[in-house]
Each structure stands twice: as structure tokens, then as C-alpha cells.
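S.K.: Numbering (full-length UniProt numbering), first residue to last: 1 to 624.
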């Protein structure tokens, strides 16, 4: 009977509505948690991407400032010289690859990016005469530029040449003190990655994310091994009745799970408000189910009593049935009162806690994206300097450190892309579940209707506008912008891998050459350089020295060919690296600037509209 009644009750419209409300609120509790986690991970990905990019640029620049490690085949000993034509092919392999001359010390670092920061006061961006100075002659500039092939940026508008005669009768050149090399440019870029991440800290407080104020050096620094600073986050989410633990499980006893309260004062947190709403929704569902069950029982007992009275049945049976009906009526009154009480508590929480918290979140999102818009715009200006880098073609091989830093950059760029997509997705789920709950909760479930409050329309309007703004945001454009950056980094990874493969081929060819050259020297020591006159015999098999020498010559030609391919591959890697940075970085920051700008305007509109509704209501309250 119980199961039959349960099936019958769930078909009732009111029960179905409350069940849907409870389901939406359960989704909202989970969505709030996921939104908080995604926000935290996005800020972390910004920091990590900037740090990895700086590490990558430093490793690339180090290739220009230091000698490469000697290639194994540099030390290959040559075979003995012979007085014949063979003499012309007996070039020593130790001189096959000559290391470049040692470069002079790198140029000193210069001043900041004030000239390119559109948000600094105009006085800080003026280009005065004292910013220019005669630094060196033309020949000295050429030498310095070659040595500092980590590329010095000098925009045309900031560099001029004057035909001034010096004591050495050479052309003097005036250069800007604001010229920057690759590392300096990327260092500035990294600084604004940190600023963009810090712009999300106030919203982290509203979302109750622990340790939202990161120390950039302590939190990640040079640690690319994902150690402690990249460990799983422990979400300490405050609540009165239940918490989410670090593994996403719902914990009924926060004290037993050792989860501290996040509230720094008596003001209720967003997490606790949402969880209390969920607890009230579960109670409301049970209350409504119970009321519907009592209603059905009352109808059944009333019908039975009516039949007994019509049949003039036994008095005691009639009285018993009447008392049962009266008892059910009393229980129904209590059940209806419980529904009303629960509904009032939900409305109170929605008005006094949830709605102000939502307003704060919208304002926090508005401020965060406004700041991120400004910082991404500055980054867009910064990366424009990459096209002015004066890079001398380099044949310095990719070091293992640089290869690892490139792989790390690819990983962090991938995490940036994933965390951005997840941030958009979780916010959409957050506002969708909330709007769905509001759409159902604004219907009165009790018997006696309660007057609509000012928050009824205001909170629903706020969430509808919020949801519309998120759905219309150009997140695909921004996502593709980050993905394009990931693509160009992946291209560098692939080219570095090809360079490594060619390096192994070259090393293998020279090892084989060295092995055969040793065998040739052994034969020459045994038979002499020419045991049989070359002119007296046409049978190569009768002359083992000549046969071995021919093999050595063929291997030498093959080794030289592989070495040439390797050097070409190295040059291609260096050229591709700079080209990909010059082409890829501007696009990603332009995309992120556009996205941040749209989000700023959208949340400003949502916030201003909500404030207008609130101000209009306050005016109506004052008017008689």
C-alpha cells in the first residue's frame, strides 16, 4: 500500500513541482562548488602560463648567450694522411663543426614599458630628449647586436640615426634606452599575467575559495614539477548543516570532517546560504509529500464514513471512522502550516541573503573582467614589440632544458585553454540551475498565497539577464584564441623533436664513421697505406686498405650530409620559435581583450539594471 500511495503522490502537480525545485537546488549546490573550483583553477592557469612563458623565453635566450655543449663527433680523430688524391678527402672531422666565437656580455636591461601602457598618465609616456643617448658607433652596434642575438626590440618610432662624425670617422647611432630583448618583453608579459590573476582575488573571497591571495613567487616560482604548489586543492566551504569535502562528497557532519568555517564574520556566506536553501527545499518536498498523502487518506476515510452513515451502520464503527477523519483533518492543518513555515523560510533566505550575494557576485565579475580587460590590453601592446626584435639567425642547438621548458609551456597553455572553457561552462551551469529553481520557487505552494515581495521579480530578472549575458559572451572566440597559442607552441615542440631526431642521426653517422676510421688505421698499420700499387691492380678485393678507405669516404660523406641537415634543422627551430611567438601571442591577447571587454559591459548592464529596479522599488515605498 505504501508504494502505491508513493506512486500516486508523485503524480500530483504540487509534489512534482517541489521535487523539481529540490533537484534544481541540488544542482545549484554542486554548480556553486564547481564554479568556485573553476574560478580558482583559471586564476592559477594564468599565473602558471606566464611563469612557463618566461621560463621558455629565458631558455631560448640562454642559447644565444652560452656555447653549446661539444658535439660527440667533434673529437673524432682523423685517419693518417696519405700522399695521394685521398689527401683531399682526409679533412679531419674534428674541424667539421666549429663553435662560434665567444660573445661579449649581454646588453644591460633598460627601463619599463611606460611608453606602451595606455593606462598610465600621459606624463609617464612622453618621449623626451633625455631618453636618447649616443651609445656606440655603427661597428659597435653591429657587434653588440650579433652577440646579443636574443633579440633587442627597437620600434622605428623610438630609434633614429644621425650622421655625426666621430674621432674614428664612423657613423654614430642614437638608440633608445627603452629597447628590450626577448626576456624583458616576456617578463613584462608575465607581470601582467600576475596582475590579471590577482584581479580575480576579490571574487575568490565571495566564492569562498581558500588561499585566494597567492604569493606569486611562493606559489609556483620555478616549480614545474607540480609538487606541493600544484597539489589538489582542499575546498574548505563553510556551512551550518553540511559541507563538500576535498573529494566532492557531501559531508553531513562538518566537524567530523574537520572542515573549518569560511566566514570571517557573522555575515552568512554564499555557500552556507545555498546549502541551507537546499536543506529547506528537501524539507519542503517532504512536507508537501506528507500533506498530499494525508489528503488522499482523508478523502478515503471520508468516503468510508459517508457510506457507513448512508447504510446506518453500527454506531461504534461510524464514530471510529469519524474520529479518524477528524484526526486526519488535524494532521492536514499541521502539514499545511509546516509548508507555509518552510516556504516563508525559503523566501526569507532568498530575499535577505541570496539576492544580496548574487548582486555582490555580479559586481565582482564586472570588476574582475574590467581589470582583466585593461591588463590583457596592455599585454596586447607588449607583445607587439616582438615584431621589432632584431634577431640574427642562430645555429645554436636546442638544449634539453629548453626542450623541457617548451613542453611545460605547452602543458600550461593547454591547462589555460581547459580552465577557461571550464570556467565558462561551470558559470553557465551555475546560473542555469539557479534560474530554473527560481522559475519554480516563485509559484506559491501553500494553501494561502503569500504576497509577492520585491525580490520575487528582482532576483529572477537579475538571473535571467545574467544567464543571457553568459550565453551571448564570445567565449568561442576567446577559446580559439588560446587554442591558437597552444597550436603555435605545439609547432615548436614538434620542430624541436625533429631537431632531436636529426641530431641522433648525425651522431650515429659520426660514430659509425669513427668506428670504420679506427678499422682503417688498423689495416694501414698492418699492411701499410698502400700494400699494393693502385695502378698495378684493378681488383679492389685484393686491396683491403683501398676497400676500407672507400667505405670510410662514403661514411664521411653521409656524416657530413647528416650534419648539414642537423644544422639546417637547428636554424629552422630558432627561426620558427621567434616567428611563432610573433604571430601567436598577439592573437591570443586580442581575443582575451575582446572577451573581457564584452563581459565587462554585460555585467555592468546586469548590475545597473538590478540597481535601477531596486531604486524604483525604494521610490515607490516612499511615495504615499
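Think of the CB as a built atom: it goes at the ideal place given N, C-alpha and C, for glycine as much as any other residue.
Compare the C-beta of residue 572 against all C-beta atoms of chain C and say whether one is closer than 7 Å.
M.R.: The chain labelled as chain C is not found in the depicted structure, where only one protein chain is given.
S.K.: With a threshold of 7 Å on Cβ separation, who are the neighbours of residue 596 within its own chain once the five nearest residues in sequence on each side are excluded?
M.R.: Result list for residue 596: 369, 372, 373, 376, in chain order.
S.K.: Can you tell me whether residue 401 is buried or exposed? The criterion is at least 16 other CB atoms within 10 Å of its CB, across all chains shown.
M.R.: Counting Cβ neighbours within 10 Å, residue 401 comes out exposed, since fewer than 16 surround it.
S.K.: To the nearest angstrom, report how far apart residue 361 and residue 353 are at their CA atoms.
M.R.: Cα to Cα, the separation comes out at about 12 Å.
S.K.: Flag this pair as yes or no: are the beta carbons of residue 328 and residue 299 separated by less than 7 Å?
M.R.: Result no, Cβ atoms of residue 328 and residue 299 do not sit closer than 7 Å.
S.K.: Look at the alpha carbon of residue 488 and the alpha carbon of residue 587, and state the distance between them as a whole number of angstroms.
M.R.: Looking at the two C-alpha atoms, the distance is approximately 11 Å.
S.K.: Shortest alpha-carbon distance to residue 577 belongs to which of 460, 63, 39?
M.R.: Out of 460, 63, 39, 63 has the C-alpha closest to the C-alpha of residue 577.
S.K.: Determine the contact status of residue 473 and residue 599, defining contact as a CB-CB distance below 7 Å.
M.R.: Going by C-beta atoms, residue 473 is nearer than 7 Å to residue 599.
S.K.: If I follow the unbroken alpha helix (DSSP H) through residue 330, where does it start and stop?
M.R.: Unbroken alpha helix (DSSP H) run through residue 330: 315-349.
S.K.: According to the Cβ coordinates, are residue 496 and residue 406 closer than 7 Å?
M.R.: Closer than 7 Å, so yes.
S.K.: Output the boundary residues of the alpha helix (DSSP H) element that contains residue 364.
M.R.: 355-383 is the span of the alpha helix (DSSP H), which, as asked, contains residue 364.
S.K.: Can you check which of these residues, 16, 17, 24, 39, is closest to residue 421 by C-alpha distance?
M.R.: Nearest C-alpha to residue 421: 39.
S.K.: Return yes when the Cβ of residue 493 is within less than 7 Å of the Cβ of residue 410, no when it is not.
M.R.: The answer is yes: Cβ separation under 7 Å.
S.K.: Give me the residue from 306, 547, 209 with the minimum Cα distance to residue 521.
M.R.: Among 306, 547, 209, the Cα nearest to that of residue 521 belongs to 547.
S.K.: Just to confirm the assignment, what range does the alpha helix (DSSP H) spanning residue 525 have?
M.R.: Segment 475-527, the alpha helix (DSSP H) holding residue 525.
S.K.: Using the Cα positions of residue 319 and residue 357, report the straight-line distance between them to the nearest angstrom.
M.R.: So the two alpha carbons sit approximately 56 Å from each other.
S.K.: Would you tell me roughly how many angstroms separate the C-alpha atoms of residue 408 and residue 417, rounded to the nearest one?
M.R.: Cα-Cα distance, rounded: 14 Å.
S.K.: If you run the structure through DSSP and keep just helix, strand and coil, what is residue 394?
M.R.: Correct three-state label for residue 394: coil.
S.K.: What does the alpha-carbon distance come out to for the pair residue 202 and residue 604?
M.R.: Using only the alpha carbons, I get a separation of about 17 Å.
S.K.: Can you give me the start and stop residues for the alpha helix (DSSP H) that residue 424 sits inside?
M.R.: Counting along the chain, the alpha helix (DSSP H) containing residue 424 begins and ends at 400-441.
S.K.: For residue 591 versus residue 477, is the C-beta distance shorter than 7 Å?
M.R.: In contact: residue 591 and residue 477 (Cβ atoms closer than 7 Å).
S.K.: Hey, could you find the ends of the alpha helix (DSSP H) residue 288 is sitting in?
M.R.: Segment 270-310, the alpha helix (DSSP H) holding residue 288.
S.K.: Can you name the start and end residues of the alpha helix (DSSP H) that residue 543 belongs to?
M.R.: Per DSSP, residue 543 belongs to no alpha helix (DSSP H) and is neither H nor E.
S.K.: Report all residues from its chain with a CB closer than 7 Å to the CB of residue 467; omit the five preceding and five following residues, and keep chain order.
M.R.: Excluding positions up to five away in sequence, the list reads 431, 432, 435.
S.K.: With distances taken Cα to Cα, identify the nearest neighbour of residue 51 among 579, 187, 460, 584.
M.R.: Among 579, 187, 460, 584, the Cα nearest to that of residue 51 belongs to 187.
S.K.: If I measure Cβ to Cβ from residue 459 and keep anything under 6 Å in the same chain, skipping five residues before and after, which residues do I get?
M.R.: The answer, listed in chain order, is 355.
S.K.: Would you grab the beta carbon distance between residue 395 and residue 567 for me? Rounded to a whole angstrom, and I think it's under 8 Å.
M.R.: With a Cβ gap of about 6 Å, residue 395 and residue 567 count as contacting.
S.K.: Would you say residue 638 and residue 506 are within 7 Å of each other, going by their C-beta atoms?
M.R.: Missing from the structure shown is residue 638; the chain here goes from 1 to 624 and no further.
S.K.: Alpha carbon to alpha carbon, what distance is there between residue 346 and residue 612?
M.R.: Rounded to the nearest angstrom, the two C-alpha atoms are 25 Å apart.
S.K.: Would the beta-carbon of residue 269 fall within 7 Å of that of residue 208?
M.R.: Yes.
S.K.: Which two residues bound the contiguous alpha helix (DSSP H) that contains residue 205?
M.R.: It spans 201-206 - the alpha helix (DSSP H) in which residue 205 sits, taken as one unbroken run.
S.K.: Measure the alpha-carbon distance for residue 192 versus residue 555 and round it to whole angstroms.
M.R.: Roughly 53 Å separates the two Cα atoms.
S.K.: Using the Cβ count rule (16 or more neighbours within 10 Å means buried), how would you classify residue 306?
M.R.: The residue in question, residue 306, is exposed, as its Cβ has fewer than 16 Cβ neighbours within 10 Å.
S.K.: Within 10 angstroms of the Cβ of residue 22, are there 16 or more other Cβ atoms? Answer buried if so, exposed if not.
M.R.: Classification of residue 22: buried, given that the 10 Å Cβ count is 16 or more.
S.K.: Between residue 189 and residue 382, which are expected to be in contact by the criterion C-beta below 8 Å, what is the C-beta distance as a whole number of angstroms?
M.R.: 5 Å between Cβ atoms; contact.
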